[in-house]
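Chains as they are written, first to last, in the numbering used here: chain A, 108 to 305; chain B, 108 to 305.
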DNA sequence: ACCCCTATGTATAAATG
DNA sequence: TCATTTATACATAGGGG
């Protein structure tokens, strides 16, 4: 759509790919907005640039929330966790690639084997995912407990301080002020009285 | 984009809204595909029609995962689909119970059907599980933030109290005490001096 | 990278079948 | 409701600053 027709396949030139990305991404999001408004429907768009940056649009809050939650969570955990998983998946990909070169020549036996491999990769992936999720939850629970403990401690500190300063107010400063004032006045009167007597 | 310019606001006429929805939805998804291919990025689009039907596009599996999660999340919050989903699982249980009574008499066709039912129940269960886990994590994160905020607040309170009491000691009570004490002593000395002079 | 411009390809509103 | 047509608005490729 422009000076020339462009075939829909990966743009090889990096900079024009980037330019096109920017333009079309904005276009897509604009269209999504229009669709949601014109037709009164919920629309969400998520784009991950190749550098991993996220661009998204959502016509409702909850979707944004969900997707953002997902993103922040996955981004946080992926870096640590994925290495092991990629090894397994990497192996699977190798198997798949070598098998897929001649997909028509795979016998039923081969396919059964392939099915088993994929199945076990799936199980491993899933179980690793579950592990990480459960760990994450356990970790968060611990943190929560710790924070709650800290909070309790701080509150105790505060109530301690308050009690101290109340004691000071009731038996310390206030009393001293009045008694001192009295004694000052009294002393002056005494002095005056003494002078008068003399 | 057509015979006329159309303002971007809800189309009131139901049938033309429906027509526009159909056209623009396809357009949006086409654009999303093009973007993902041309720029070699991951794109996902989700559209919920007002009648609750889902249309989606995703360039990758992982984003499909996001969408499934999102999907199940929304299902959790929307009563209709929730109800429908439990029915499905209930139905599955019924099917299983009646089928398992005579497991040997099941034909391949029956088994394929059963496999599909079990498979979809599995997907639903898994997606619901994922949804709950993600929600749980998000909830814990929020709680963590809240607790941290409270902690910060309490710490501020404490440091505020400490500073106050320091100020009091330096410029308040202490000073008054000494000046009062001095004036008392001074007055008494004056009085004494007066007495001595007289 | 970003904006502006313009020629051109696309998407689509409305009409029609 | 859906397909086709057509006129028009919009999106955008390529180019220059």
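Note that the Cβ used here is the ideal one computed from N, Cα and C, for glycine as well. Just so you know, these numbers come straight off a predicted model, no measurement behind them.
Strictly under 8 Å for the Cβ-Cβ distance: is residue i near chain B by that measure?
i	result
residue 121/A	no
residue 245/A	no
residue 146/A	yes
residue 289/A	For residue 289/A, the predicted structure reports a pLDDT of 43, less than 50, and the residue's modelled location is therefore unreliable. A value from the coordinates is still provided. It does not; no Cβ of chain B falls within 8 Å.
residue 251/A	yes
Tell me, please, whether the CB atom of residue i is closer than 8 Å to any CB atom in chain A?
i	result
residue 112/B	no
residue 132/B	yes
residue 234/B	no
residue 227/B	no
residue 240/B	yes
residue 135/B	yes
residue 273/B	no
In whole angstroms, what is the alpha-carbon distance linking residue i and residue j?
i	j	result
residue 130/A	residue 160/A	16 Å
residue 146/A	residue 128/B	6 Å
residue 155/A	residue 162/A	6 Å
residue 109/B	residue 253/B	52 Å
residue 257/B	residue 258/A	7 Å
residue 144/A	residue 142/B	22 Å
residue 117/B	residue 111/B	16 Å
residue 240/B	residue 250/B	15 Å
residue 255/A	residue 245/A	15 Å
residue 133/B	residue 132/A	16 Å
residue 227/B	residue 263/B	54 Å
residue 322/B	residue 123/B	Residue 322/B is absent from the model: chain B starts at 108 and stops at 305.
residue 125/A	residue 222/B	46 Å
residue 121/A	residue 115/B	34 Å
residue 274/A	residue 273/B	16 Å
residue 225/B	residue 157/B	30 Å
residue 236/B	residue 229/B	10 Å
residue 113/A	residue 119/B	36 Å
residue 268/B	residue 268/A	8 Å
Here's a check: name, in chain order, each residue in its chain whose Cβ is nearer than 7 Å to the Cβ of residue i, leaving out the five neighbours to either side.
i	result
residue 139/B	150, 152, 164
residue 181/A	Confidence at residue 181/A is low in this model, with a pLDDT of 43, below 50, so the placement of that residue is unreliable and no value is reported for it.
residue 248/A	none
residue 136/A	152, 164
For residue i, which residues from the same chain have a beta carbon less than 6 Å from its beta carbon, with the 5 sequence-adjacent residues on both sides left out?
i	result
residue 167/B	149
residue 172/A	Residue placement at residue 172/A is flagged as unreliable, the pLDDT there being 46, under the threshold of 50; the coordinate-derived value follows with that caveat. There are no such residues.
Beta-carbon within less than 8 Å of residue i's beta-carbon, same chain only, minus the 5 sequence neighbours each way: which residues are those?
i	result
residue 271/A	none
Short-range partners of chain A found in the region 254-270 of chain B, where Cβ spacing is below 7 Å = Cβ contacts with chain A come from 254, 255, 257, 258, 261, 262, 264, 265, 268.
message = Please identify, using Cβ separations under 7 Å, the residues of the region 137-166 of chain B that lie next to chain A, in order along the chain.
response = Answer set for the region 137-166 of chain B: 138, 139, 141, 142, 144, 145, 146, 147, 148, 149, 150, 151, 152, 153, 154, 155, 156, 157.
request  = With a floor of 4 residues, list each alpha helix (DSSP H) that falls wholly inside the region 117-170 of chain A, ordered by position along the chain.
outcome  = The qualifying runs are 121-146.
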